[in-house]
Ligand code: NAD
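Right, here's the structure in full:
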């Protein structure tokens, strides 16, 4: 049975309650997990608070070395961790390997910043004084993570937090706790001190983290409704929040685009991780002249995405993560079809005995979807792509921005002026121009509008796990 990790101790829930984690491809039980609650969060927050006193005072170069060593050790276990991730989440083993590797690489990337970020020396009008701006870690940080990329999204929070000298109470999604535990275990085996990262499990621990007075900052990745609830709760204690929420990323393809490149990026953008991605290609707007040619290329790519158990070598798309998640996407597809949309590819469930026990769905492309359909107005969190013909860039930008979300966006064109306009006018935290929808460690990532605020990745993320303090030194002149 899995356990939580609190100050290095492997513990059950205070209540003694447990729940099952099941494999989305087979329905089999993967493990039994403690169903933690407020008492467990309290223990974890106390442990993180105690450890903060020592971890934050370590010389930053020592923190850097500890984190590098721990990350290297964890990276030696990628294969083992990837198998656990595929079993609990459903994604293909190839996707799990990439994700497990990203976890270790992210810890290493932020470790390098631990001793590189400086404060400032400031001249003051009174020359017998001078000012300093120093950066300090915040304290205990809460990290709340969803199930679609359990490891990447945990690392996005844990890595900058601990590199900057904070300690963490980490809550994975209740359906994907096991690979996260394996990563933190591996970091600790590699030398990460006890109490720096504490892992609590179970649905009820999320709210308890937001409410706990010792936890000073909350970083949440999740849906927009959850983000609103967390922000309201955190406001009661004026906690800092970083919210990485839902998205409905538009992609515009113009007549002068490299269609092969666009088709590859759209296919990866929509079908990677069985479409359960925040940054993704969720609405496709194609200029009339290349619509048919692009659809042909997308159909060719979708037809190669063989659904199956993520552990099978020839599987190219795993199942959806849960029954509810699949039901949601199926309802969105049905709504579009009922309103007159045409299935360009897929639209149903794959047939065969091997698909009966899991939450499988076909990669799906739908055209002629009228205004008001749920696929345009809501986030589609699965492998279903709504497509619409557009006359020109103006229409693409207008429709692209016609959403409450503002996470990512992309454009394919060989015209620099069109690309520049899209970059200026698309309302999103990221715009890819003729490029794969991939978040880079080096670039700050975060949404605008109802996709949230605050940044993960980049130096900006590190800075958000620090507080600036002004200091005046007198009597020096
Ligand atoms: P979710 O909002 O249901 O849950 C996310 C996490 O928050 C889970 O760990 C959950 O237990 C916890 N949680 C739920 N209610 C809470 C509360 N009241 N207080 C504290 N914690 C609470 O999201 P999900 O279904 O797990 O994930 C899918 C959503 O996440 C999608 O909307 C997707 O777009 C979004 N997402 C966003 C990004 C991004 O970076 N912007 C990345 C991945 C996923």
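Residue numbers (this note's numbering): 297 to 773. Note that the Cβ used here is the ideal one computed from N, Cα and C, for glycine as well.
**Asked** Which residue's Cα is closest to the Cα of residue 493: 499, 363, 559?
**Response** Ranking the options by Cα distance to residue 493, first place goes to 363.
**Supposed contact pair residue 326 and residue 383 - C-beta distance, whole angstroms, cut 8 Å** = About 5 Å; that satisfies the 8 Å criterion.
**Asked** With 16 other CB atoms within 10 Å as the buried threshold, where does residue 641 fall?
**Response** buried
**Message:** Pairs of beta-carbons, one from the stretch 513-526 and one from the stretch 332-339, closer than 8 Å: are there three or more?
**Reply:** No, the stretch 513-526 is not in contact with the stretch 332-339.
**Request:** Check whether the Cβ atoms of residue 308 and residue 299 sit closer than 8 Å, and answer yes or no.
**Result:** yes
**Request:** Mind checking which residues open and close the alpha helix (DSSP H) that includes residue 766?
**Result:** Counting along the chain, residue 766 falls outside any alpha helix (DSSP H), though it belongs to the beta strand (DSSP E) covering 762-769.
**Request:** Determine the direct distance from the alpha carbon of residue 672 to that of residue 581, and round the result to whole angstroms.
**Result:** Their backbone Cα atoms lie some 11 Å apart in a straight line.
**Asked** Which parts of the stretch 568-606 are runs of the beta strand (DSSP E), unbroken and 3 residues or longer, counting only runs that do not cross its ends?
**Response** Listed in chain order, they are 579-583.
**Request:** Give every residue of the same chain whose Cβ lies closer than 7 Å to the Cβ of residue 378, excluding the five residues on either side of it in the sequence, and list them in chain order.
**Result:** 389, 392, 393, 396
**Message:** Between the alpha carbons of residue 734 and residue 698, how many angstroms are there, rounded?
**Reply:** 23 Å
**Item:** Those residues which DSSP pairs with residue 613 across a bridge
**Value:** 603
**Request:** Pull up the distance between the alpha-carbon of residue 721 and that of residue 769, whole angstroms please.
**Result:** 46 Å
**Asked** Is residue 463 closer than 8 Å to residue 491 when the C-beta atoms are compared?
**Response** Closer than 8 Å, so yes.
**Request:** With residue 649 as the anchor, note down where its beta strand (DSSP E) starts and where it stops.
**Result:** No beta strand (DSSP E) contains residue 649, which DSSP labels as neither H nor E.
**Prompt:** In three-state DSSP terms, what is residue 428?
**Reply:** DSSP places residue 428 in strand when its eight states are reduced to three.
**Prompt:** Expressed to the nearest angstrom, what Euclidean distance is found between the alpha-carbon atoms of residue 567 and residue 405?
**Reply:** 28 Å
**Three-state secondary structure assigned by DSSP to residue 657** = coil
**Item:** Cβ neighbours of residue 409 in the same chain (closer than 7 Å, five flanking residues each side left out)
**Value:** 459, 755, 758
**Asked** Leaving out the 5 sequence neighbours to the left and right, which residues in its chain are closer than 8 Å to residue 306 when beta-carbon positions are compared?
**Response** 299, 300
**Prompt:** Would you say residue 775 touches the ligand NAD, meaning its beta carbon is less than 7 Å from a heavy atom?
**Reply:** Since the displayed the chain opens at 297 and closes at 773, residue 775 lies outside it and no answer follows.
**Request:** For residue 637, write down the residues that DSSP places opposite it in a beta bridge.
**Result:** Paired residues: none, contrary to the question.
**Asked** Would the C-beta of residue 469 count as close to the ligand NAD, meaning under 7 Å from any of its heavy atoms?
**Response** Yes, the beta carbon of residue 469 sits closer than 7 Å to at least one heavy atom of the ligand NAD.
**Request:** Go ahead and label residue 320 buried or exposed: buried means 16 or more other beta carbons lie within 10 angstroms of its beta carbon, across all protein chains shown.
**Result:** So residue 320 counts as buried.
**Item:** With 16 other Cβ atoms within 10 Å as the buried cut-off, status of residue 571
**Value:** buried
**Prompt:** Among residues of its own chain, excluding the 5 on either side of residue 614, which ones have a beta-carbon nearer than 6 Å to its beta-carbon?
**Reply:** The residues are 386, 387, 388, 570, 606.
**Item:** Option nearest residue 368 by Cα separation, candidates 500, 456, 407
**Value:** Ranked by how close their Cα comes to the Cα of residue 368, the residues 500, 456, 407 have 407 in first place.
**Message:** Using a Cβ-Cβ cutoff of less than 7 Å, which residues in the same chain neighbour residue 636 once the five nearest sequence positions on both sides are dropped?
**Reply:** 664, 666
**Under 8 Å between C-beta atoms of residue 495 and residue 476** = yes
**Asked** According to DSSP, is residue 754 helix, strand or coil?
**Response** In the structure shown, residue 754 sits in a helix (DSSP, three-state: H, G or I).
**Asked** Relative to the C-alpha of residue 376, which residue among 597, 512, 474 is closest?
**Response** When only C-alpha atoms are compared, the closest one is 474.
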